[in-house]
Amino acid sequence: MAGIVTAQSTNPARSLFVFQLNSTSSDNSALPPMLPSRISRALISQYSTLCRCTLGQMSSIQRSQIIRAPSEEPINGIKSVFLAGTTTAVDNVDWREKLSASLFEHPITIFNPNRPDWDSTWREDITFAPYREQVLWELDKQAKADLVVVYFHPATVAPISLLEFGLSAQIPGKVVAIAPEGYSKRGNVQIVCQKFGIEFLDNIDKLHEIIIHKLSLNR
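Anchor point for the sequence shown: position 141 equals 155 in the working numbering, and the numbering is continuous, going up by one each time.
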């Protein structure tokens, strides 16, 4: 890809000097043989390096980033979403993995609290380090996320999901709730959504489109 270098003299009467620079080239062979005396090849070389770095950074955020618990890697997405809700394996396909795959081509950071190394024997106790780390990670990432998606699967009561839902319910535009028919607390979730203007869905079929719309990822 070619970059454009523009140089302007301190004298306003002089015209702009513009030429194309091949940002993938490591030498100066593509440079014009004659350059204005005020523009050094060293400066052009530095600009070329800057172009390559900038283009690399741009390309790195053109795809989604998935941060799984308990990772603390830096966020590089333009927007972020926290996938709260059922973590129990109740379907053949993990809803978080399917949703994340559908968002692959968008510059979004996805916080996924579900971790494959989770051990069911871990004590749910404040003094148990791995458990405490997980809970604090979830609280921190939910607070940082631009959007929180909470999926209440009918096969579970999901008390922690209800807690997560309540933490962000009064923040305008922060939450999308999904509670299909059959979820035992569906009525409660619907009433909260109605009171605080939260988007409510009966299923996750259109969740991908809702996330893109709410985070303005198509603009």
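Note that the Cβ used here is the ideal one computed from N, Cα and C, for glycine as well. Just so you know, these numbers come straight off a predicted model, no measurement behind them.
Bridge partners - residue i, DSSP secondary structure assignment
{"i": "ARG82", "result": "ASN126"}
{"i": "LYS93", "result": "ILE122"}
{"i": "ILE192", "result": "TYR165 and LEU215"}
{"i": "GLY99", "result": "TYR165"}
Span of the alpha helix (DSSP H), counted from its first residue to its last, around residue i
{"i": "PHE179", "result": "173 to 182"}
{"i": "LEU221", "result": "221 to 228"}
Buried versus exposed, by CB contacts within 10 Å (16 or more), residue i
{"i": "PRO127", "result": "buried"}
{"i": "GLU111", "result": "exposed"}
{"i": "ALA169", "result": "exposed"}
{"i": "GLY201", "result": "exposed"}
{"i": "ALA195", "result": "Looking at the sequence shown, residue 195 is not Ala but Glu. By the 10 Å Cβ count, GLU195 comes out exposed."}
{"i": "GLY180", "result": "exposed"}
{"i": "GLN156", "result": "buried"}
Span separating the alpha-carbon of residue i from that of residue j
{"i": "LEU35", "j": "GLU119", "result": "For LEU35, the pLDDT reaches just 40, beneath the cut-off of 50, and the residue's location in the model is therefore unreliable, although a value from the coordinates is still provided. Each residue's alpha carbon lies about 29 Å from the other."}
{"i": "TYR197", "j": "LYS220", "result": "18 Å"}
{"i": "LEU150", "j": "LEU215", "result": "28 Å"}
{"i": "LYS228", "j": "GLY187", "result": "8 Å"}
{"i": "VAL95", "j": "ALA115", "result": "14 Å"}
{"i": "MET98", "j": "ASN232", "result": "It should be pointed out that residue 98 corresponds to Ala in this sequence rather than to Met. About 23 Å."}
{"i": "ALA83", "j": "ASP131", "result": "10 Å"}
{"i": "VAL107", "j": "SER85", "result": "23 Å"}
{"i": "ARG77", "j": "THR141", "result": "38 Å"}
Range of the contiguous beta strand (DSSP E) that encloses residue i
{"i": "PHE166", "result": "That residue, PHE166, is in no beta strand (DSSP E); it is neither H nor E in DSSP."}
{"i": "PHE214", "result": "213 to 215"}
With contact counted as at least three CB pairs below 8 Å, one residue from each stretch, are the segment 127 to 138 and the segment 202 to 222 in contact?
no
* Asked: Using 8 Å as the threshold, is the segment 139 to 148 in touch with the segment 158 to 168, meaning 3 or more CB pairs across them?
  -> Segments in contact, no.
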